[in-house]
Amino acid sequence: MSAPSPSGSGQRPRRTAAARRRHRFGLAGRYATLVLMLVVMLGPIVWQFLTSIRGRTENVYDGVLPARPTLDNYVRVAESFPLLQYVGNTLTVAALAVTSNMLFAAMGGYALSRAGWKGRQVVFTVLVATLMFPFESVMISMFLTVREMGLVDTLIGVWLPGAVSVLNIMVMRAAFLAVPREVEEAAVLDGAGEWTRFTRVFLPAAKGALAVVCITSFMGAWDDFLWPLLVLTNSDHYTLQLGLKTLAGATTVNDQRLVAAGAMAALIPMMLLFFALQRFFFKGVGEGAVKT
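Here the sequence shown is numbered in the UniProt record's numbering, starting from 1 and rising by one per residue.
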C-alpha cells in the first residue's frame, strides 16, 4: 500500500526556496512602495515645518535640519497680521458647515434610503448628476444669488453654498442602507415612529459616517480659498486662507519662514481633528462601502 500523498494529509505543502525568495522580494517591493508614497505625501509638510522653525539668520535652503530651531516665526506671524481674528472667522464658518452638513446630510440620506415614496429614484439621479458639474461652472450664479440675498461680505455668505454637500448625503445614504432591515422592523413593532427610528436607531448606527461628514465638511470650509475670495471684501471678515494670501504677498514680510509658519498654523487644526476622529473616520468609510 502506497503512502498517502502530502496533499491528502491535510497539511499545506512547504514552499520551495525559490517561492520563499519571490515572496520576500514581493513583500520588500510593497514596503518600498509604501515608504515612497509616505515620503511623497509627508515630505512637503515636513519641509514646511522645518522651514518654519529656522532662525532669521539661517538660509532656508542650507541643509535639511535647522541649526538653531526656534518658534519665533510663529510669534512673528501672530504679530504680522490678525491671526487670531482670521482663525476665529474660519472656525465660525467651519462650525456652521459641520453642523449643517451633519444635520441635513443625515436627514437627506435617511430619506433617500427609505423606500415607499414616489420620485425617490429621480431625486437620487438628479443629486448624483450635480456631482458632474465643477464648482467653477456655477460659481457666478451662486455669487449673484448670494448678492441678491444681501449676504456679500458676510460669513453667512461664505458658509451658505457649503451648507450641505451632495457627497455627504450619499455617504449617509450608504450608511443607512447598511443597517439591517430586521433592526428597523423590531423598532416598528415596539411602536417607534419615523423620527424615533431616525434618531434612536439609524443615527447611532451611522456614527462612523457622521465622523466622515464632520471631517470632510471641516476640511472643506477650513481650506476654502476661492469662494471667500469672491464674497469677502472687508479684511475684518477674512478667513485664514485669505489672511495667508495677504501674508505671502506683503512686501514688508517676504520671508519664507513666516509663510511656512502661517501654513503650519492653518494645517495643525485639521491634523488634530483627523487624529481625534480617525477611528470613527475609517469605520465610516467601511460602512459606506458595505452597501450602495
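The C-beta atom is built at its ideal place from N, Cα and C for all residues, glycine as well. All values derive from a computational prediction rather than experimental measurement.
Assuming Val-64 contacts Leu-50 under a Cβ cut-off of 8 Å, what Cβ separation, rounded to an integer in Å, is found between them? As a working note, residue 64 is residue 64 in the sequence shown. As a working note, residue 50 is residue 50 in the sequence shown. Right, their Cβ atoms sit about 7 Å apart.
Phe-104 versus Leu-84, Val-166, Leu-71, Pro-180, residue with shortest Cα-Cα distance: Here residue 104 is taken as the residue at index 104 of the sequence shown, counted from 1. Nearest option by C-alpha distance: Val-166.
How many angstroms separate the CA atom of Val-93 from the CA atom of Ala-18? Indexing the sequence shown from 1 puts residue 93 at position 93. Indexing the sequence shown from 1 puts residue 18 at position 18. Between Val-93 and Ala-18, the C-alpha separation is close to 59 Å.
Are the Cβ atoms of Met-129 and Met-172 separated by less than 8 Å? Residue numbering aside, residue 129 sits at position 129 when the sequence shown is read from its first letter. Residue numbering aside, residue 172 sits at position 172 when the sequence shown is read from its first letter. Correcting the residue type first, residue 129 is Ala in the shown sequence and not Met. Against a cut-off of 8 Å, the Cβ pair of Met-172 and Ala-129 comes out as no contact.
State buried or exposed for Asp-62, treating a residue as buried only when at least 16 other CB atoms are found within 10 Å of its CB. Start at 1 with the first residue of the sequence shown, and residue 62 comes out as number 62. Asp-62 is exposed by the Cβ-count criterion.
How is Phe-81 classed by DSSP in three states: helix, strand or coil? In the sequence shown, residue 81 corresponds to position 81, counting from 1. Coil.
Cα separation between Leu-71 and Met-102? Here residue 71 corresponds to residue number 71 of the sequence shown, with the count starting at 1. Here residue 102 corresponds to residue number 102 of the sequence shown, with the count starting at 1. Cα to Cα, Leu-71 sits roughly 37 Å from Met-102.
If distances are taken between C-alpha atoms only, which option among Arg-30, Leu-42, Gly-55 comes closest to Arg-257? By 1-based counting over the sequence shown, the position of residue 257 is 257. Closest option to Arg-257, judged by alpha-carbon separation, among Arg-30, Leu-42, Gly-55: Gly-55.
On a CA-only basis, which of Leu-34, Ala-28, Ser-52, Arg-181 is nearest Ala-265? Give me that one, please. Reading the sequence shown from its first residue, position 265 is the one you call residue 265. Nearest of Leu-34, Ala-28, Ser-52, Arg-181 to Ala-265, Cα basis: Ser-52.
Apply the 10 Å Cβ neighbour rule to Asn-89 and answer buried if 16 or more other Cβ atoms are within range, or exposed otherwise. Position 89 of the sequence shown, counted from the first residue, corresponds to residue 89. So Asn-89 counts as buried.
Taking all protein chains shown into account, decide if Asp-236 is buried (16 or more other Cβ within 10 angstroms of its Cβ) or exposed. Taking the first residue of the sequence shown as position 1, residue 236 is located at position 236. It counts as exposed.
With H, G and I counted as helix, E and B as strand and the rest as coil, what does DSSP make of Leu-210? For this step, residue 210 is matched to residue 210 along the sequence shown. Correct three-state label for Leu-210: helix.
May I have a chain-ordered list of the alpha helix (DSSP H) segments no shorter than 4 residues that lie completely inside the stretch 185-264? 194-197, 207-223, 226-231, 240-249
Let me see if you follow: with CB-CB separation under 8 Å, is Leu-247 close to chain D or not? Absent from the structure: chain D. Only one protein chain is present.
Taking Cβ to Cβ, would you say Trp-227 is nearer than 8 Å to Val-158? Numbered from 1 along the sequence shown, position 227 holds the residue referred to as residue 227. Numbered from 1 along the sequence shown, position 158 holds the residue referred to as residue 158. Result yes, Cβ atoms of Trp-227 and Val-158 sit closer than 8 Å.
Candidates Leu-155, Pro-161, Met-170: which alpha carbon is nearest Gln-121's? Numbered from its first residue, the sequence shown carries residue 121 at position 121. Measuring from the Cα of Gln-121, the nearest candidate turns out to be Met-170.
Sequence-distant residues of its chain with Cβ nearer than 6 Å to Met-142 (five each side left out): Numbered from 1 along the sequence shown, position 142 holds the residue referred to as residue 142. For Met-142, where only same-chain residues beyond five positions count, the Cβ hits under 6 Å are Pro-161.
Check whether the Cβ atoms of Val-98 and Phe-218 lie closer than 8 Å to each other. Position 98 of the sequence shown, counted from the first residue, corresponds to residue 98. Position 218 of the sequence shown, counted from the first residue, corresponds to residue 218. For Val-98 and Phe-218, yes; Cβs fall inside 8 Å.
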